[in-house]
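So the sequence shown is numbered by my numbering: it starts at 54 and just counts up by one. Ideal Cβ positions, reconstructed from N, Cα and C, are used throughout, including at glycine. Okay, structure first, notes after.
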Amino acid sequence: MAKQAKYVYCNDLPSVAYATRTLANSPVLIINCEGRTIGVLGGALSLMCIGTERAEQIFVFDVLALEPFKSRLQPLFRILTNPAVKKAMWDCRNDFLEIQNEYNVMMTGIVDLQLAEIQARTTVKREGDYQHKCRFTRGGCSVPLQTINQNAELFFEVHRLQGMDACIRQAGLLTAGKDPEVVAMHRAAGSSIWMNRPLPPELLAYAAHDIELIGALYEDFKKGAWITPTNEPLLVAQSMRYAYSLFYQGRVPDDDPFGQAAVLPLDVLNESPGPKVQCHGCHRMQSLSCYSVRKQGGGFEARSNICRVCQIKLLMKRAKYPITWIAI
Ligand SMILES: [Zn+2]
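What follows is the structure, encoded as structure tokens:
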């Protein structure tokens with residue numbers, strides 16, 4: 054069995070008060086949630102895990118046990134909404150959505166390490182256009198290189214996401230891997246195992262261990278100059294756009310072709326000026342550069358009804374959806 058992370062289980066008011074006092078003294082927090090199909094229709098939070106800057110202390114908040122005390126959690130929520138407190142996360146979107154749904158709390162000051170990894174591909178690793186495209190040709194929901202080349206305008210400045218596990222492997226971090234017992238439980242019963250009570254200690258330790266992993270990545274990214282005092286403010290702005298990218302879509306059905314996929318939405322790394330229009334796929338308001346644009350008769354231009362990222366999701370999932378053109 055993997056070495057278990059040390060954590061404080063917070064399922065009553067005294068433990069929450071202790072956690073809040075400790076977390077209030079940390080300028081950086083590490084946050085990760087567990088639950089049933091979070092970000093998907095029918096999703097629900099089970100645990101909200103928060104660690105201090107280097108994961109020296111980890112608190113596992115039991116969302117179900119704390120349900121009757123929601124109104125007493127305000128001191129903790131004030132930390133989550135304080136922009137002066139940075140929150141290191143890995144793919145903040147679903148956690149942001151679920152925390153907003155559960156507590157009506159909009160977190161601020163997010164530093165999303167998944168975005169830092171994407172930026173390091175060009176700024177540190179010096180990856181070129183070919184390597185950028187090849188990322189779409191590997192793993193699940195891959196797209197053949199020929200299809201990418203035939204649809205070059207769709208893929209322009211669109212990035213493939215990388216999972217945390219792959220990033221930890223590449224970084225060569227000496228951390229205990231995922232507990233195989235928990236991985237097996239997940240495989241057998243799905244994510245609904247998170248809604249059982251009492252939660253087996255293995256699951257609590259597994260959730261706490263993710264905070265250690267994110268903390269180790271954050272330190273590694275700073276050491277490798279992937280995150281610096283100079284680029285971090287921009288990374289926070291990008292992370293907040295990433296967090297809000299599901300705002301209009303909300304939880305989606307599992308089989309929605311425009312639901313979860315390992316592709317970074319546009320208007321996250323850069324925010325284009327000008328008007329924003331709504332995508333018929335992901336429902337997100339985005340600038341015109343996020344759509345396919347073509348010339349119509351009479352010198353007019355039209356944009357695709359769904360954004361380029363949604364078109365790429367159709368290619369990744371081998372799904373069909375009628376593309377129509379809207380005059381702009
Ligand atoms: Zn879209």
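Near ligand 1: residue i beta-carbon under 6 Å from a heavy atom
i: G312; result: no
i: I426; result: This structure leaves residue 426 out entirely; the chain is present only between 54 and 381.
i: C220; result: no
i: C335; result: yes
i: C332; result: yes
i: C363; result: yes
Residue i vs residue j beta-carbon contact at 7 Å
i: Y374; j: R356; result: no
i: C366; j: F311; result: This sequence places Lys at residue 366; Cys is not what is there. For K366 and F311, yes; Cβs fall inside 7 Å.
i: A77; j: R89; result: no
i: N85; j: C102; result: yes
i: I132; j: I264; result: no
i: S124; j: T105; result: no
i: E87; j: W247; result: yes
i: I201; j: E151; result: no
i: V164; j: L288; result: yes
i: G334; j: C363; result: yes
i: R304; j: V93; result: yes
i: A315; j: L214; result: yes
i: V196; j: M369; result: yes
i: K348; j: S340; result: no
i: F122; j: L198; result: no
Contacts around residue i, its chain only, beta-carbon distance under 6 Å, and the 5 residues preceding and following it disregarded
i: L322; result: Q291
i: H407; result: In the structure as shown, the chain starts at 54 and stops at 381, and residue 407 therefore has no counterpart that could be examined.
i: L270; result: L166
i: W143; result: L166, Q167, M217, I267
i: T73; result: P128, L129
i: M238; result: I246
i: N147; result: I91, G92
i: S244; result: R89, T90
i: G225; result: none
Beta-bridge partners of residue i, as assigned by DSSP
i: A355; result: R347, A380
i: S340; result: K329
i: G104; result: I83, I111
i: C63; result: F114
i: A72; result: A72 is not bridged to any residue.
i: R188; result: In the DSSP output, where bridge partners are listed per residue, R188 has none listed.
i: I163; result: K140
i: A97; result: R89
i: V305; result: V93
i: R213; result: V316
Own chain, CB closer than 7 Å to residue i, minus 5 neighbours either side, in chain order
i: I379; result: A355, R356, N358
i: H336; result: Y301, Q302
i: R361; result: L207, V211, L319, C343, Y344, S345
i: F149; result: M160, A296
i: I171; result: H212, L317
i: E155; result: L98, V116
i: P136; result: T161, G162
i: L257; result: Y60, Y62, V113
i: A169; result: F274, W279, I280, L288
i: Q153; result: M159
i: S298; result: R146, P318, V321, R337
i: C332; result: Q339, I359, C360, C363
i: R294; result: D320, V321, E324
Opening and closing residue of the alpha helix (DSSP H) in which residue i lies
i: A260; result: 254 to 276
i: M293; result: 285 to 296
i: N202; result: 198 to 203
i: M369; result: 361 to 370
i: N147; result: 146 to 156
i: A242; result: 233 to 242
i: I246; result: Unbroken run through I246: none, as it is neither H nor E.
Own chain partners of residue i with C-beta closer than 8 Å, once the 5 adjacent residues on each side are dropped
i: R371; result: none
i: D307; result: T90, V93, L94
i: E180; result: R174
i: T134; result: V158, M159, M160, T161
i: K231; result: A55, D218, Y259, H262
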